[in-house]
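Right, one structure below, let's go through it.
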Ligand code: PPE
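Numbering (this note's numbering), first residue to last: 318 to 622.
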């Protein structure tokens, strides 16, 4: 999906190191057993300088993900926040994607992760529209995946772990093979869960609805932001289980995510939803104004470098 646009430095275990030297041993535990948790953030250019959207909140989620897989992060949220700011500045970037990862490194093999050391790294690089500019503007065609979202009792969706993304990859490849741009996964109970890397919303008769956290989704920060922005604009938003057919008959459907931002969905399983509708467009415009620092009430979501 995206070739990496290399930057100069990567932060690893407390130090800035050259990009090409940010390697890890082939017997790193996480490579074999998926024992890693990560985050994805974006730093945007604003009038007041570069700013990271929901910076501390992302690191708090990393801390929660780590806790859920029994990993004690060796750095505090505050230390990681500072390290990220320093890294972006050292790389001379004004806007970028940010990928922190905490993983079980080299030193022990076998399924028990505990004897393996915990390494933490942060990488930043420029990353354009995740699903393409065309999708941001005109919407994307999606298909319901035959792969199901994992249940709360097996690599739960609420943990942003590398292990969980094997499932995302399977769903995404299948969607591409079927001629779609992205997949939508249902959970084991048949309720709508999320995209392979996005949360999902529907609009019907001016009202929004998005799957509840109990449906086994990632607690997306873009989802959380869009819920608040929508309510502030006077829309009603429900967090509840959605069935597949509600997607087909919705007036509007869209994805949210750090990488995908707010991407309209124009068809599902070949059933036309249509061009981005008024609610999607209003929220998309609001979202891009907020991340650009143009809405005073939401400057609290921006961490200016
Ligand atoms: N669900 C999944 C499965 C997911 O991966 C993401 C983010 C979201 C929901 C939205 O969460 P948030 O970014 O907090 O609004 N996916 C990240 C990784 C994408 C990738 O391909 O890598 C992202 O958007 O950064």
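Ideal placement from N, C-alpha and C gives every residue a C-beta, glycine not left out. Note that the structure is predicted; figures quoted are calculated from it, not measured.
Check	Outcome
Would you mind stating whether residue 533 and residue 473 have Cβ atoms separated by less than 8 Å?	yes
State the start and end residues of the unbroken beta strand (DSSP E) segment that holds residue 516.	516-521
Could you check the C-alpha separation between residue 470 and residue 366 for me, to the nearest Å?	43 Å
Report buried or exposed for residue 415, applying the criterion of at least 16 other Cβ atoms within 10 angstroms of its Cβ.	buried
When you get a sec, list the residues whose CB is within less than 5 Å of any heavy atom of the ligand PPE, chain order please.	357, 511, 514, 516, 535, 537, 538, 539, 574, 575 and 576
Tell me the start and end of each unbroken alpha helix (DSSP H) in the region 446-505 that is at least 4 residues and wholly inside, in chain order.	450-455 and 482-494
Would DSSP call residue 598 helix, strand or coil?	helix
Since residue 465 and residue 505 should fall inside the 8 Å C-beta cutoff, what is the C-beta to C-beta distance between them, to a whole number of angstroms?	5 Å
CB residue 373 to CB residue 354, shorter than 8 Å?	no
Taking 7 Å as the limit between beta carbons, can you name the residues of its chain near residue 481, skipping five residues before and five after?	467, 472 and 474
Hey, residue 621 and residue 573 are a contact pair by Cβ (cut 8 Å); roughly how many whole angstroms apart?	That belief does not hold up - the Cβ atoms of residue 621 and residue 573 are roughly 23 Å apart, past 8 Å.
Applying the criterion that 16 or more other CB atoms from any shown protein chain within 10 Å of the CB defines a buried residue, is residue 592 buried or exposed?	exposed
Rounded to whole angstroms, what is the Cα-Cα separation between residue 376 and residue 522?	36 Å
From this set, 536, 433, 346 and 542, which residue's C-alpha is nearest residue 616's C-alpha?	542
Along the alpha helix (DSSP H) that carries residue 397, what are the first and last residues, could you check?	394-407
Whole angstroms are fine: how far does the CA of residue 558 sit from the CA of residue 343?	42 Å
Should the region 333-352 be regarded as contacting the region 389-398, the criterion being three or more beta carbon pairs within less than 8 Å?	no
Quick check on this structure: which residue in 500, 383 and 477 has the alpha carbon closest to the alpha carbon of residue 488?	500
Have a look at 322, 419 and 455 and flag the residue whose alpha-carbon is nearest the alpha-carbon of residue 595.	455
Would you say residue 448 touches the ligand HEM, meaning its beta carbon is less than 7 Å from a heavy atom?	Annotation note on the ligand HEM: not contained in the displayed structure, which lists the ligand PPE as its ligands.
Three-state secondary structure (DSSP) at residue 524?	strand
Please look up how many angstroms separate the CB atoms of residue 425 and residue 432, rounded, as I've assumed it's under 8 Å.	4 Å
In whole angstroms, give me the CA-to-CA distance for residue 553 and residue 544.	9 Å
Straight-line CA distance for residue 412 to residue 362?	6 Å
Distance check for residue 597 and residue 609, CA to CA, integer angstroms please.	18 Å
Using only the alpha-carbon positions, how far apart do residue 402 and residue 483 sit?	30 Å
For residue 384, which of helix, strand or coil comes out of DSSP?	helix
Go ahead and pull the three-state DSSP assignment for residue 558.	coil
If you check the beta carbons only, do residue 404 and residue 333 fall under 8 Å apart?	yes
Can you tell me the Cβ-Cβ gap for residue 564 and residue 509, rounded? I've got them flagged as a contact below 8 Å.	6 Å
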